[in-house]
Amino acid sequence: MSSAPASGSDISVPIARVVLVAATAALGGFLFGFDTAVINGAVSAIGEQFSAGPFLLGFSVASALIGCAIGAWFAGRIADRFGRVRVMLLAAALFVISAIGCGFAFGIWDLSFWRIVGGLGVGAASVIAPAYIAEVSPPEHRGRLGSLQQMAIVTGIFVALLTDAAIVAAAGSATAPWLLGLEAWRWMFLSELVPAVIYGLLALTIPESPRYLIARGEMKKAKEVLTRYVGGNVEKTSTDILKTVEGKPDRPRFAILRGSKFGLLPIVWIGIGLSVLQQFTGINVIFYYSSTLWQAVGFTEQDSLTITVITSVTNILTTIVAILLIDKVGRRPLLLIGAMGQFVCLAVLTVVFATAPIVNGEPVLEGAAGTTALLAANLYVVFFGASWGPVVWVLLGEMFSNRIRAVALSVAAAAQWAANFVISTTFPALAAVGLGLAYGVYTFFAFVAIFFVIRFVRETKGRTLESMSDDGRTEVLT
Numbered sequence: 000m001s002s003a004p005a006s007g008s009d010i011s012v013p014i015a016r017v018v019l020v021a022a023t024a025a026l027g028g029f030l031f032g033f034d035t036a037v038i039n040g041a042v043s044a045i046g047e048q049f050s051a052g053p054f055l056l057g058f059s060v061a062s063a064l065i066g067c068a069i070g071a072w073f074a075g076r077i078a079d080r081f082g083r084v085r086v087m088l089l090a091a092a093l094f095v096i097s098a099i100g101c102g103f104a105f106g107i108w109d110l111s112f113w114r115i116v117g118g119l120g121v122g123a124a125s126v127i128a129p130a131y132i133a134e135v136s137p138p139e140h141r142g143r144l145g146s147l148q149q150m151a152i153v154t155g156i157f158v159a160l161l162t163d164a165a166i167v168a169a170a171g172s173a174t175a176p177w178l179l180g181l182e183a184w185r186w187m188f189l190s191e192l193v194p195a196v197i198y199g200l201l202a203l204t205i206p207e208s209p210r211y212l213i214a215r216g217e218m219k220k221a222k223e224v225l226t227r228y229v230g231g232n233v234e235k236t237s238t239d240i241l242k243t244v245e246g247k248p249d250r251p252r253f254a255i256l257r258g259s260k261f262g263l264l265p266i267v268w269i270g271i272g273l274s275v276l277q278q279f280t281g282i283n284v285i286f287y288y289s290s291t292l293w294q295a296v297g298f299t300e301q302d303s304l305t306i307t308v309i310t311s312v313t314n315i316l317t318t319i320v321a322i323l324l325i326d327k328v329g330r331r332p333l334l335l336i337g338a339m340g341q342f343v344c345l346a347v348l349t350v351v352f353a354t355a356p357i358v359n360g361e362p363v364l365e366g367a368a369g370t371t372a373l374l375a376a377n378l379y380v381v382f383f384g385a386s387w388g389p390v391v392w393v394l395l396g397e398m399f400s401n402r403i404r405a406v407a408l409s410v411a412a413a414a415q416w417a418a419n420f421v422i423s424t425t426f427p428a429l430a431a432v433g434l435g436l437a438y439g440v441y442t443f444f445a446f447v448a449i450f451f452v453i454r455f456v457r458e459t460k461g462r463t464l465e466s467m468s469d470d471g472r473t474e475v476l477t
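First residue of the sequence shown: 0, per numbering that gives the first Met the number 0; consecutive thereafter.
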């Protein structure tokens, strides 16, 4: 590695070099998306194989979210004590163990256990990727590099769905024996071994975060990483980092997040609010239940699956839009536009479903209503994919001060997984009362999100991580 430059000099870093490192960290996001989506093609086969009733089958699907919340909760403390890269290696190991365990599961309960193990990896990856990418990125490129996390997540979901489809096409059905005599659904889980091993191997090739190194007193190594990947005035940056981590406890504790506002620092509550609102507008209802939803309102099974694939591709394309805009437009404007767009689309869905005639207990979309609902749902995904999907992860990686970043991100990410669990498990009950009610609830939270952004979210575009303070303001260190 290069040595640190003389004091006062600025250096420029080739963006391609930083992209490779950020992309490696974002592979955790790919596995995040892959792990949570790969079970979709296996659900029916699992129920048949293990004679599982609706409750146990539903628990086996949702159990991963429990692991996600636990993994996110502890990942920050582990990262502060042992390093960011070691958490990536731990997450990779958890993905490998989960893939093997699920692939060779002998019952619904041990399958659920291995799903929880995989969830621990997902939770850890959801914390460490945005934190690490923010800490090794030049400020002027940090937004688009941080958006790689969301791009990786949606790509992982898409690849998992394609993998499931390809395996079923090759085997004939999810329950049919395939390679080595194992049922096709088992190979869906085992396919995760490939990206998990690649993630672990590539994590061994990237540098440790300079913020972590300085917190551990390894100033020389930190300057080398800053010189090679972050650029700018390395001497000033390293000095500013040192100021922000001095007095930080050797053993990270959640006590450093305590504040006067309901027991937590204001910025931590803002992070929790962003995480919860990202989920409470119902995005995962679109991804977890879309095929069932469209069939319920009159579309054929084949058309419903096609719509689901189109929605997944739409999410990828709009994430690319966010990557192109986030460092030009800024985080706050994107969130505000996204919240307004989601509110309008969800309001349309609410009205369409609330006014649809009920036949045999299900709403039927007649005439233009079906087209209107389809357009509104996909426009909703457009607004989410270009704003709240990637921007929340970018903000969570950069909005906290160096002193609390990893631990605060853990709390915010755990809140996000808990919110995901709540939305995913309550939708069937809300839908049973009426889809108009379900979408009405999500519309309300999109409305809340608009005012939350206006009142509490501060712009972080172009700011150094060392200018972030514990009360949510951005200040320039002198």
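For glycine and all other residues, C-beta sits at the position ideal for the given N, C-alpha and C. As the structure is a computational prediction, the values presented were derived from the model and not from experiment.
Same chain, Cβ closer than 7 Å to residue i, five either side skipped, listed in chain order
| i | result |
| --- | --- |
| Phe382 | Gly337, Gly340, Gln341 and Cys344 |
| Thr243 | Ser400, Asn401, Arg402 and Glu465 |
| Asp326 | Glu139, His140, Gly142, Arg143 and Lys460 |
| Leu394 | Leu273, Arg330 and Thr459 |
Per-residue DSSP class, three states only, for residue i
| i | result |
| --- | --- |
| Gly230 | coil |
| Glu217 | coil |
| Ala3 | Low confidence applies to Ala3: its pLDDT is 43, below 50, so where it sits in the model is not reliable, and the reading given next is rough at best. Correct three-state label for Ala3: coil. |
| Pro13 | coil |
| Ile357 | strand |
| Pro137 | coil |
| Arg457 | coil |
| Ser190 | coil |
| Ser97 | helix |
| Phe279 | helix |
| Arg402 | coil |
| Leu203 | coil |
| Ser409 | helix |
One or two residues paired with residue i in a DSSP bridge
| i | result |
| --- | --- |
| Lys260 | Leu263 |
| Glu182 | Pro176 |
| Pro362 | Ile357 |
Chain D within 7 Å of residue i, Cβ atoms only
| i | result |
| --- | --- |
| Ile127 | Of the chains in the structure shown, none is chain D; there is only one protein chain. |
Reference residue i; option with closest CA among the options
| i | options | result |
| --- | --- | --- |
| Thr313 | Leu335, Gly433, Tyr379 and Val328 | Tyr379 |
| Thr442 | Ile115, Trp392 and Phe279 | Phe279 |
| Ser423 | Val390, Ala412, Leu189 and Ala63 | Ala63 |
| Gly272 | Ile107, Thr318, Ala417 and Ala372 | Ala417 |
| Asn232 | Gly117, Arg462, Phe455 and Ile10 | Ile10 |
| Gln277 | Gly384, Lys222, Val196 and Ala214 | Gly384 |
| Ser125 | Phe58, Pro137 and Val391 | Val391 |
| Phe446 | Val121, Ala321, Leu334 and Thr463 | Leu334 |
| Ser136 | Ser59, Gly396, Ala431 and Ala448 | Gly396 |
| Ile152 | Val167, Gly57, Phe450 and Pro389 | Pro389 |
| Val284 | Phe157, Thr238 and Phe426 | Phe426 |
| Ser190 | Ala159, Glu217 and Ser172 | Ala159 |
Own chain partners of residue i with C-beta closer than 8 Å, once the 5 adjacent residues on each side are dropped
| i | result |
| --- | --- |
| Trp88 | For the sequence presented, residue 88 should be read as Leu rather than Trp. Once the five neighbours on either side are set aside, the close Cβ partners of Leu88 are Gly199, Ala202 and Leu203. |
| Ala169 | Trp177 and Ala183 |
| Ala407 | Gly75, Leu256, Leu264, Ile266, Val267, Gly270 and Phe399 |
Beta-carbon proximity of residue i to residue j, cut-off 7 Å
| i | j | result |
| --- | --- | --- |
| Ser274 | Gln48 | no |
| Pro194 | Leu316 | no |
| Tyr211 | Arg83 | yes |
| Glu139 | Ser208 | no |
| Cys101 | Leu93 | no |
| Gly145 | Cys67 | no |
| Phe33 | Gly155 | yes |
| Leu364 | Ala375 | no |
| Ile240 | Ile205 | no |
Residue i: CB within 6 Å of a non-hydrogen atom of the ligand SAM
| i | result |
| --- | --- |
| Pro362 | No copy of the ligand SAM occurs in the structure displayed, which carries no ligand at all. |
Same chain, Cβ closer than 6 Å to residue i, five either side skipped, listed in chain order
| i | result |
| --- | --- |
| Asp163 | Gly40 and Met187 |
| Gly258 | Leu264 |
| Gln148 | Ala25, Gly28, Ala128, Pro129 and Trp392 |
| Ala5 | Model confidence at Ala5 stands at a pLDDT of 44, short of 50, so the residue's coordinates are unreliable and nothing is read from them. |
| Ala405 | Gly75, Ala78, Asp79 and Ala130 |
| Pro13 | none |
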